[in-house]
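The structure appears below as structure tokens.
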Amino acid sequence: MPRIVVASLAGYAVGQLLNAWVLVRLKNRTQEGSLWARLLGSTLVGEAADTTIFCIVAFAGVITGGTLVNYILVGYLYKVGVEALFLPVTYRVIAAVKRREPSYAE
Numbered sequence: 002m003p004r005i006v007v008a009s010l011a012g013y014a015v016g017q018l019l020n021a022w023v024l025v026r027l028k029n030r031t032q033e034g035s036l037w038a039r040l041l042g043s044t045l046v047g048e049a050a051d052t053t054i055f056c057i058v059a060f061a062g063v064i065t066g067g068t069l070v071n072y073i074l075v076g077y078l079y080k081v082g083v084e085a086l087f088l089p090v091t092y093r094v095i096a097a098v099k100r101r102e103p104s105y106a107e
């Protein structure tokens with residue numbers, strides 16, 4: 002159990018930091034345009050790190066290498082797929098926040 006907790010925390014921390022970093026870098030390049038590309042691009046990078054770190058820390062040495070790679074690939078594809086499916090909801094949430102936050106800096 003402690004190994005799973007450490008794996009979760011490490012994967013989440015690195016994944017979120019990379020996600021935010023990529024999102025900011027892409028926004029600097031595109032300004033307010035291409036929101037879908039920024040969101041998906043940052044997800045591709047962040048979830049790759051999150052999933053890989055989690056699976057390696059949690060399962061390396063416990064399962065075979067092929068199974069570990071399968072866990073990483075399936076988990077990654079699932080997370081990115083969910084993000085892509087929820088993109089319309091994300092757009093609406095962002096629009097609502099922008100309308101309600103007068104101090105929102107473009």
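Read in order, the letters of the sequence shown are residues 2 to 107 in this note's numbering. For each residue, glycine too, the CB sits at the ideal point set by N, CA and C.
- E84: member of the alpha helix (DSSP H) spanning G66 to L86, first to last residue.
- Put simply, the backbone Cα of A8 is about 22 Å away from that of E84.
- Per the DSSP secondary-structure output, A61 pairs in a beta bridge with I64.
- Where Q17 is concerned, the enclosing alpha helix (DSSP H) starts and stops at P3 to T31.
- Inter-residue distance for K99 and V63 is about 46 Å (C-alpha atoms, whole angstroms).
- Contact check for G47 against G16 passes: the beta carbons are separated by less than 8 Å.
- CA-to-CA, the gap between L36 and T53 works out to about 26 Å.
- No Cβ-Cβ contact shorter than 8 Å links A49 with Y79.
- For P103, the secondary structure class from DSSP, reduced to helix, strand or coil, is coil.
- CA-to-CA, the gap between R93 and F87 works out to about 10 Å.
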